[in-house]
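S.K.: Mapping of the sequence shown onto the numbering used here: position 77 corresponds to residue 84, and the numbering continues sequentially without gaps.
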Amino acid sequence: MSLNLLNLPELSERHIEMLAKVIADWCDANSIDAGGDCAQAAYAAAVDLLSANTDMSAGQLRQALDLRMAENKREEPSS
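The structure is reproduced here in structure tokens:
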């Protein structure tokens, strides 16, 4: 997964490292390909969450990401 630093001007290097770790852990826990569309959606959600609250710890970000992705999955139209 590529990290576009131009989209993250307000996040510190520590935040960027935390994002990478949280996304990698989330992908592993959910058996998601880190290069796939679902991982990209998780990455975007994590950036959004962290940008809204830069004081989050990695654990808090992971919990918030789990909730956000579960909400997104419930909102998907069924085929």
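Ideal placement from N, C-alpha and C gives every residue a C-beta, glycine not left out.
Here the structure is a predicted model, which is why all the values come from computation and not from measurement.
By how many angstroms is the C-alpha of Arg81 removed from the C-alpha of Arg21?
M.R.: One C-alpha to the other measures close to 32 angstroms.
S.K.: Taking the Cβ atom as the reference point for each residue, do Ala31 and Met76 lie within a distance shorter than 9 angstroms?
M.R.: Cβ atoms of Ala31 and Met76: not closer than 9 angstroms.
S.K.: Note down the Cα distance separating Gly66 from Asp44, rounded to an integer number of angstroms.
M.R.: Near 23 angstroms, if we compare the C-alpha coordinates of Asp44 and Gly66.
S.K.: For Glu24, I'd like the list of residues in its chain whose CB is within less than 7 angstroms of its CB, leaving aside the five on either flank, ordered along the chain.
M.R.: Result list for Glu24: empty, nothing under 7 angstroms.
S.K.: Report buried or exposed for Ala51, applying the criterion of at least 16 other Cβ atoms within 10 angstroms of its Cβ.
M.R.: When all chains shown are included, Ala51 counts as exposed.
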